[in-house]
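>
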Amino acid sequence: MSNYKTGLDFAKKQDANDPLSSYREQFHIPKDKHNNELIYLCGNSLGLQPKSTKNYINQELEDWANLGVEGHTHAKNPWLPYHEFLTTSMSKVVGAKPIEVVVMNTLTANLHFMMVSFYKPTTTRYKIIIEADAFPSDKYAVESQLRHHGYDDKEGLILWKAREGEELLRYEDLETILDKHGDEVALVMIGGVNYYTGQFFDLKRITKLGHKHGCMVGFDCAHGAGNVELNLHDSGADFAVWCTYKYLNSGPGSLGGCFVHERHAHNKTLNRFTGWWSHNKETRFKMRDEFDVIPGAEGWQLSNPPILSMAAIKASLDIFEEVGIKKLNQKSKDLTAYFEFLLKELGQDTIRIITPNNPDARGCQLSIQVKNADRALHDKLTEAGVISDWREPDVIRCAPVPLYNSYQDIYHMVEKLKNILK
Ligand SMILES: *Cc1c(COP(=O)(O)O)cnc(C)c1O
Numbered sequence: 001m002s003n004y005k006t007g008l009d010f011a012k013k014q015d016a017n018d019p020l021s022s023y024r025e026q027f028h029i030p031k032d033k034h035n036n037e038l039i040y041l042c043g044n045s046l047g048l049q050p051k052s053t054k055n056y057i058n059q060e061l062e063d064w065a066n067l068g069v070e071g072h073t074h075a076k077n078p079w080l081p082y083h084e085f086l087t088t089s090m091s092k093v094v095g096a097k098p099i100e101v102v103v104m105n106t107l108t109a110n111l112h113f114m115m116v117s118f119y120k121p122t123t124t125r126y127k128i129i130i131e132a133d134a135f136p137s138d139k140y141a142v143e144s145q146l147r148h149h150g151y152d153d154k155e156g157l158i159l160w161k162a163r164e165g166e167e168l169l170r171y172e173d174l175e176t177i178l179d180k181h182g183d184e185v186a187l188v189m190i191g192g193v194n195y196y197t198g199q200f201f202d203l204k205r206i207t208k209l210g211h212k213h214g215c216m217v218g219f220d221c222a223h224g225a226g227n228v229e230l231n232l233h234d235s236g237a238d239f240a241v242w243c244t245y246k247y248l249n250s251g252p253g254s255l256g257g258c259f260v261h262e263r264h265a266h267n268k269t270l271n272r273f274t275g276w277w278s279h280n281k282e283t284r285f286k287m288r289d290e291f292d293v294i295p296g297a298e299g300w301q302l303s304n305p306p307i308l309s310m311a312a313i314k315a316s317l318d319i320f321e322e323v324g325i326k327k328l329n330q331k332s333k334d335l336t337a338y339f340e341f342l343l344k345e346l347g348q349d350t351i352r353i354i355t356p357n358n359p360d361a362r363g364c365q366l367s368i369q370v371k372n373a374d375r376a377l378h379d380k381l382t383e384a385g386v387i388s389d390w391r392e393p394d395v396i397r398c399a400p401v402p403l404y405n406s407y408q409d410i411y412h413m414v415e416k417l418k419n420i421l422k
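Position one of the sequence shown corresponds to residue 1 (our numbering), numbered consecutively onward.
1. Using a threshold of 7 Å, is the CB atom of L169 nearer than that to any non-hydrogen atom of ligand 1?
2. List in chain order the residues whose CB is within less than 6 Å of at least one heavy atom of ligand 1.
3. Do P50 and N249 come within 8 Å of each other at the CB atom, strictly closer than that value?
4. Spell out a yes or no on whether the stretch 147-159 and the stretch 205-224 are touching, meaning 3 or more CB-CB pairs, one atom from each, closer than 8 Å.
5. Output the boundary residues of the alpha helix (DSSP H) element that contains D389.
6. Can you check the stretch 149-231 for any alpha helix (DSSP H) of at least 4 residues that lies completely inside it and give the ranges in chain order?
7. Return helix, strand or coil for Y140, following the three-state DSSP convention.
8. Give the straight-line distance between the Cα atoms of T108 and D9, rounded to the nearest whole angstrom.
9. Buried or exposed: D238, going by 16 or more other Cβ atoms within 10 Å of its Cβ?
10. Can you give me the Cβ contacts of R125 inside the same chain, cut-off strictly under 7 Å, excluding the 5 residues immediately before and after it?
11. Helix, strand or coil: how does DSSP classify E290 here?
12. Measuring CB to CB, does A297 end up less than 8 Å from V101?
13. Is it true that the CB of F200 sits closer than 8 Å to the CB of A399?
14. Out of curiosity, what's the CA-to-CA distance linking A312 and T197?
15. Counting pairs of beta carbons, one from the stretch 157-164 and one from the stretch 212-219, are three or more of them closer than 8 Å?
16. Note down the Cα distance separating E131 from E164, rounded to an integer number of angstroms.
17. When DSSP labels each residue in this structure, what does F27 get in the three-state scheme?
18. Identify, in the order they occur along the chain, each residue of the same chain with its Cβ nearer than 7 Å to the Cβ of I177, setting aside the five sequence neighbours on each side.
19. If you follow the beta strand (DSSP E) that R362 is part of, which residue opens it and which one closes it?
20. Is it true that the stretch 319-334 meets the stretch 390-397, where meeting means three or more beta-carbon pairs spaced less than 8 Å apart?
21. Between which residues of its own chain and H213 is the CB-CB distance below 6 Å, once the five residues before and five after are set aside?
22. Please classify R272: does DSSP put it in a helix, a strand, or coil?
23. From A222, E167, Y195, F118, pick the residue whose C-alpha is nearest to that of V188; which is it?
24. May I ask which residues mark the beginning and end of the beta strand (DSSP E) holding G257?
25. What are the boundary residues of the alpha helix (DSSP H) that I354 is part of?
26. Across the stretch 378-392 and the stretch 26-42, are there enough close Cβ pairs to call them in contact, namely three or more that are closer than 8 Å?
27. Is the stretch 286-304 touching the stretch 265-275, taking contact as three or more C-beta pairs under 8 Å?
28. Please report the straight-line C-alpha distance between K54 and R375, rounded to a whole angstrom.
29. Counting only the same chain and skipping the five closest in sequence on each side, list residues whose C-beta sits under 7 Å from that of L80.
30. Using a Cβ-Cβ cutoff of less than 7 Å, which residues in the same chain neighbour K76 once the five nearest sequence positions on both sides are dropped?
Shown next, in the form of structure tokens:
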């Protein structure tokens, strides 16, 4: 792992020896106006399109054209149980049991639905802990839940902050917060992989800590799903939510995923918002029955889902199923370490990587802080054919995605950065 070399020959050799290199051909790689492939390092924001996606969606379009409403039961992939076709492979991606996972709604909507069930404030225990640098949507969602229950959204929110001069969060500091305020906290809600720093948290450790203090624990795994081994079941978390358009390559705004731990699967007394899709499948269409909730994560569904979006998710999950998250993880660690190696070769004083250097505490994203840089640097990179992501004030986020990025992508990216910085 550590015998990296500079130079294009080394990158070419790595690609030639990469057992996953052929998967790149299964994706559409965006091109510049001269028809050259761009260096796409933005899979953490919007994953690329599998070439197979079109066929999966076309199948449903055709069945809809030919069968109309009969497609619910007679389509090649019948629409009534369509979400079930995604469950097994999605549960493998996030390390859960099938009964714990469902694909439904969108990410922030799912976060709210989970909080309806797992944020149960009382007069003495109503606060919520999030990361100080949580993704804005998560912060807004959590604040609005506090207000919804009649609490002040500043007083009720506890931020787990990085120390002065640091970016990464320390578990000791979360322990200190919980030792002090644990009995006031109803919910600990953390981003499994922080979107800004790329820090991959120890979900099990956080869950244990929260549970020890009597709190519910949930994770937003938007940047974790399809990127790292989440092992959601073993983490013991009460719930988790994620999207499928980042590392899961299912298209802009595609549906989200949701995890509810098995220990809650048969608890019918949990408060929740419901709809006909959370009702017993056997009697759903009798339409007049008393509500009878489906056990497991499926019991949080509300509506019959958009099949076209689910077809795109199926196309992507079939690729994940074939490769396996373990192999992906191996390449991810290797490719990211190579990227880190080349960036360090560029010089320590201009470039600082704020993502953890421990490979187990990060996924494939590196957040690169460039001294005295502003947005112009990002624009120059874009002009040079590198698609990355800029975060104010001075951070470029790049995600070498193991499914479709190559060692040569990384080599060329760093060469271009070097030329711009010169
Ligand atoms: C991408 C992302 C979101 C986006 O939420 P949507 O509801 O899908 O628009 C929310 N939270 C986190 C942590 C994210 O990374």
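Think of the CB as a built atom: it goes at the ideal place given N, C-alpha and C, for glycine as much as any other residue.
According to the structure shown:
1. Residue 169 sits at position 169 when you count from the first residue of the sequence shown. No - ligand 1 has no heavy atom lying nearer than 7 Å to the Cβ of L169.
2. Chain-ordered list of matching residues: T106, L107, T108, F135, S137, D138, G191, Y195, D220, A222, H223, C243.
3. Locating residue 249 in the sequence shown gives position 249, where the first residue counts as 1. Locating residue 50 in the sequence shown gives position 50, where the first residue counts as 1. Yes, they are a contact pair.
4. No, the stretch 147-159 is not in contact with the stretch 205-224.
5. By one-based count along the sequence shown, residue 389 stands at place 389. For D389, no alpha helix (DSSP H) run applies; the uninterrupted beta strand (DSSP E) run containing it begins and ends at 389-391, by DSSP.
6. Counting only runs of 4 or more, we get 171-181, 203-212.
7. The residue labelled residue 140 in the question sits at position 140 within the sequence shown. DSSP, read as helix, strand or coil, puts Y140 in helix.
8. As a first step, residue 108 is located in the sequence shown; it is residue number 108 there, counting from the start. As a first step, residue 9 is located in the sequence shown; it is residue number 9 there, counting from the start. Whole-angstrom Cα-Cα distance: 44 Å.
9. If you number the sequence shown from 1, residue 238 lands on position 238. Buried, by the Cβ-count rule.
10. By 1-based counting over the sequence shown, the position of residue 125 is 125. Excluding positions up to five away in sequence, the list reads D183, E184, V185, A186.
11. By one-based count along the sequence shown, residue 290 stands at place 290. Coil at E290, not helix or strand.
12. The residue you call residue 297 lines up with position 297 of the sequence shown. The residue you call residue 101 lines up with position 101 of the sequence shown. Contact: yes.
13. The residue you call residue 399 lines up with position 399 of the sequence shown. The residue you call residue 200 lines up with position 200 of the sequence shown. Result no, Cβ atoms of A399 and F200 do not sit closer than 8 Å.
14. Locating residue 312 in the sequence shown gives position 312, where the first residue counts as 1. Locating residue 197 in the sequence shown gives position 197, where the first residue counts as 1. CA-CA distance, A312 to T197, rounds to 29 Å.
15. These segments do not touch.
16. In the sequence shown, residue 131 corresponds to position 131, counting from 1. In the sequence shown, residue 164 corresponds to position 164, counting from 1. Annotation: E131 to E164 spans about 15 Å, alpha carbon to alpha carbon.
17. Residue mapping note: residue 27 aligns to position 27 of the sequence shown, counting from 1. Correct three-state label for F27: strand.
18. As a first step, residue 177 must be located in the sequence shown, where it is residue number 177. Excluding residues within five positions, the ones whose Cβ falls inside 7 Å are I129, I158, W160.
19. Locating residue 362 in the sequence shown gives position 362, where the first residue counts as 1. Segment: none, R362 is in no beta strand (DSSP E) and carries neither H nor E.
20. No, because fewer than three Cβ pairs between the stretch 319-334 and the stretch 390-397 fall closer than 8 Å, the two stretches do not touch.
21. Position 213 of the sequence shown, counted from the start, is the residue given in the question as residue 213. Taking C-beta separations shorter than 6 Å and ignoring five residues to either side along the sequence, the partners of H213 in its chain run L178, G182, following chain order.
22. Start at 1 with the first residue of the sequence shown, and residue 272 comes out as number 272. Residue state for R272 is assigned as coil, using DSSP reduced to three classes.
23. In the sequence shown, residue 188 corresponds to position 188, counting from 1. The residue with the shortest Cα to Cα distance from V188 is F118.
24. For the purposes of this step, residue 257 is taken as residue 257 along the sequence shown, with counting starting at 1. It spans 256-260 - the beta strand (DSSP E) in which G257 sits, taken as one unbroken run.
25. Here residue 354 corresponds to residue number 354 of the sequence shown, with the count starting at 1. Boundaries for I354: no alpha helix (DSSP H) harbours it, and the DSSP string shows neither H nor E there.
26. Contact between the stretch 378-392 and the stretch 26-42 is present, because at least three Cβ pairs lie under 8 Å.
27. Contact check between the stretch 286-304 and the stretch 265-275: three or more CB pairs, one atom from each, fall below 8 Å, which counts as touching.
28. As a first step, residue 54 is located in the sequence shown; it is residue number 54 there, counting from the start. As a first step, residue 375 is located in the sequence shown; it is residue number 375 there, counting from the start. For K54 and R375, the distance between alpha carbons rounds to 35 Å.
29. In the sequence shown, residue 80 corresponds to position 80, counting from 1. These residues qualify, in order along the chain: H72, T73.
30. By one-based count along the sequence shown, residue 76 stands at place 76. Apart from sequence neighbours up to five positions away, the residues of its chain that approach K76 with a beta-carbon distance below 7 Å are Q59, D63, ordered along the chain.
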